[in-house]
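Comments concern the structure below.
Numbering (the numbering used here), first residue to last: -1 to 710.
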């Protein structure tokens, strides 16, 4: 909305009648909230502000440009401000840094989460950095990474060309500069100060005047930052710098080292903080409004994860919405940016709007929401925790936790299975499809659903050639890769695939399909093993993800993977398996699991799916058609709730292979037995072993480091 709408507003293209539809739609939402007894304070004040705007229509012009309406409402000449001298802040920054002075020794006061990342990045950029912080353990940590440490602000400021201040607020900035053992008294003549704390423009302007009275030619750059802890440590911050040309030249090398985007703002000290305040106003309102929208959606009974996905592709989205709502959905408030920061920053905005006599209705309400969150004890949590204000007031939960389901009820609700058993068809198709199924088994349990299949414990080219000459339907290679690190597992799979390629080239008419098998398919080296395989074998038409495993109680329904627990189906992401120290995951939705495990390289929206409806109503032909329609290089998940479902999929996949398609599979054991047409045998009993219970004892050892598995 901000990017697309504000340019139209400033050009005068948006007219007053534009408000009518908004007022009507917001009124509908407010009426619904009233019937649900759900508070929408931000929406309510926005609604009132739009009505206020509508009331400012001129008698002689019932549809004036909307910018004129807001000028009347707010008492600010927006048009004149938009028509001030045009310039490009990034170009100014390039000009400044191109002729900036050389700086080698930098003082740094304030080694909190942001400051520590900034200071350590300066170290990596070959600056000598003397750091100071009131928290002694942080100083020790900074010293351990190569920084020099000071025992006071004055000591950090001694003999430095540039001093960076990155403390929390104006009071702390005042203290480190002018308090006991303050930095100003120790600064050398001609030194420069970079103030990167979020403070009011008035504070910065006053500080510049005070420094001028010191008589030491001290220079000040107003340089608030944005970007978060991770980007601070990588030198990828956005910095809004303002000051005299001389002060900017003297600090340009430091500012450039810390930033990915450096903007030089005209207007002198205070202008940078003005831009930061406008940014924080929007950021705070967007976070609070995201919380309000998601909580309202939860109150309406909507699936909040689905709601999030829809809004991200709609006009109501924002960067803050897309970044913060996942924290709410995961109920994870690890403080990447603490809620109390917005209590402070929105407080600065509130004071500034009072001094400038500009009414800021919506940001004032947002400030009160952050204050409420802080008062409730959530101030040190992530700022997305403002959603807890709504959750506490209304009793809803935004967290997108999937429900535990009754297994029998779910299975009975599904369509009837495909009426024809595909196993005989699979056996016939296998005779036409010469591809051998090669199962790279990540632990020794993978053969439990097959029989009469050879298992290799080594993979020399000679051994593989011997196997290929037998023209088997399938053979296993026991890799035990789940016990290895990701790097070693990738290297192992690469070596095996190279040997497979060499061996197959030595035996005429040899083709094969590789399966990366794991009984707990979501726990393992994905995508590392798959990446390693395709790096040798070449790009596949699709990666197939099929974790259904009846014997282990693993079902995939509506793209959600469940683990059976007695008469219940528990979303896999909520089980002990998901908390695995090496292979843990959060997502039960397999599309989201793919995105999570690939760190966003394969977005959930791009993952294809074979549904149970398609398997049970369309049969193998529909599966084949679906697989053949996929774009090359796709990832496709397979839903299944019965052995018949897997057999139908296997038959359709073989048909697709006969049409020239190639697949790399990551599956559980059920797929393997279905793919090669094996029918399960009854479990072996003691009498089948030839043992007489009267004369021979026995010992069965079961167990796992996952308590759930031991219990099973």
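Backbone N, C-alpha and C define an ideal beta-carbon position, used for all residues, glycine too.
Pull the bridge partners of residue i from the DSSP assignment, please.
{"i": "residue 544", "result": "665"}
{"i": "residue 473", "result": "436"}
{"i": "residue 552", "result": "547, 561"}
{"i": "residue 587", "result": "558"}
{"i": "residue 129", "result": "106, 147"}
{"i": "residue 633", "result": "541"}
{"i": "residue 63", "result": "13"}
{"i": "residue 567", "result": "403, 562"}
{"i": "residue 607", "result": "635"}
{"i": "residue 160", "result": "104, 190"}
{"i": "residue 336", "result": "380"}
Does any CB atom of chain B fall closer than 7 Å to the CB of residue i?
{"i": "residue 140", "result": "Absent from the structure: chain B. Only one protein chain is present."}
Helix, strand or coil for residue i, going by three-state DSSP, please let me know.
{"i": "residue 431", "result": "coil"}
{"i": "residue 29", "result": "helix"}
{"i": "residue 106", "result": "strand"}
{"i": "residue 238", "result": "strand"}
{"i": "residue 539", "result": "coil"}
{"i": "residue 11", "result": "coil"}
{"i": "residue 450", "result": "coil"}
{"i": "residue 244", "result": "helix"}
{"i": "residue 747", "result": "Here the chain covers residues -1 to 710 and nothing more, so residue 747 does not appear."}
{"i": "residue 176", "result": "helix"}
{"i": "residue 331", "result": "coil"}
{"i": "residue 39", "result": "helix"}
{"i": "residue 510", "result": "strand"}
{"i": "residue 404", "result": "strand"}
{"i": "residue 165", "result": "coil"}
{"i": "residue 380", "result": "strand"}
{"i": "residue 515", "result": "strand"}
{"i": "residue 370", "result": "helix"}
{"i": "residue 21", "result": "helix"}
{"i": "residue 323", "result": "helix"}
{"i": "residue 463", "result": "helix"}
{"i": "residue 533", "result": "helix"}
{"i": "residue 398", "result": "coil"}
{"i": "residue 678", "result": "coil"}
{"i": "residue 715", "result": "Residue 715 lies beyond the stretch modelled for the chain, which goes from -1 to 710, so this question has no answer here."}
{"i": "residue 212", "result": "coil"}
{"i": "residue 119", "result": "helix"}
{"i": "residue 311", "result": "coil"}
{"i": "residue 73", "result": "coil"}
{"i": "residue 468", "result": "coil"}
Report yes if the C-beta distance between residue i and residue j is below 7 Å; otherwise report no.
{"i": "residue 194", "j": "residue 164", "result": "yes"}
{"i": "residue 310", "j": "residue 320", "result": "yes"}
{"i": "residue 384", "j": "residue 409", "result": "no"}
{"i": "residue 239", "j": "residue 267", "result": "no"}
{"i": "residue 262", "j": "residue 94", "result": "yes"}
{"i": "residue 274", "j": "residue 362", "result": "no"}
{"i": "residue 127", "j": "residue 160", "result": "no"}
{"i": "residue 446", "j": "residue 667", "result": "yes"}
{"i": "residue 454", "j": "residue 421", "result": "no"}
{"i": "residue 655", "j": "residue 431", "result": "yes"}
{"i": "residue 521", "j": "residue 578", "result": "yes"}
{"i": "residue 289", "j": "residue 388", "result": "yes"}
{"i": "residue 221", "j": "residue 237", "result": "yes"}
{"i": "residue 586", "j": "residue 569", "result": "yes"}
{"i": "residue 129", "j": "residue 117", "result": "yes"}
{"i": "residue 562", "j": "residue 551", "result": "yes"}
{"i": "residue 338", "j": "residue 315", "result": "no"}
Under the rule that 16 or more other beta-carbon atoms within 10 Å means buried, what is residue i, buried or exposed?
{"i": "residue 175", "result": "buried"}
{"i": "residue 301", "result": "exposed"}
{"i": "residue 662", "result": "buried"}
{"i": "residue 85", "result": "exposed"}
{"i": "residue 615", "result": "exposed"}
{"i": "residue 258", "result": "exposed"}
{"i": "residue 555", "result": "buried"}
{"i": "residue 791", "result": "Given a span of -1 to 710 for the chain in the structure shown, any question on residue 791 remains unanswerable."}
{"i": "residue 317", "result": "exposed"}
{"i": "residue 250", "result": "buried"}
{"i": "residue 143", "result": "exposed"}
{"i": "residue 681", "result": "exposed"}
{"i": "residue 546", "result": "buried"}
* To do: Pick out the complete beta strand (DSSP E) segments inside the segment 218 to 305, 3 residues or longer, and give them in chain order.
  => 235 to 239, 257 to 262
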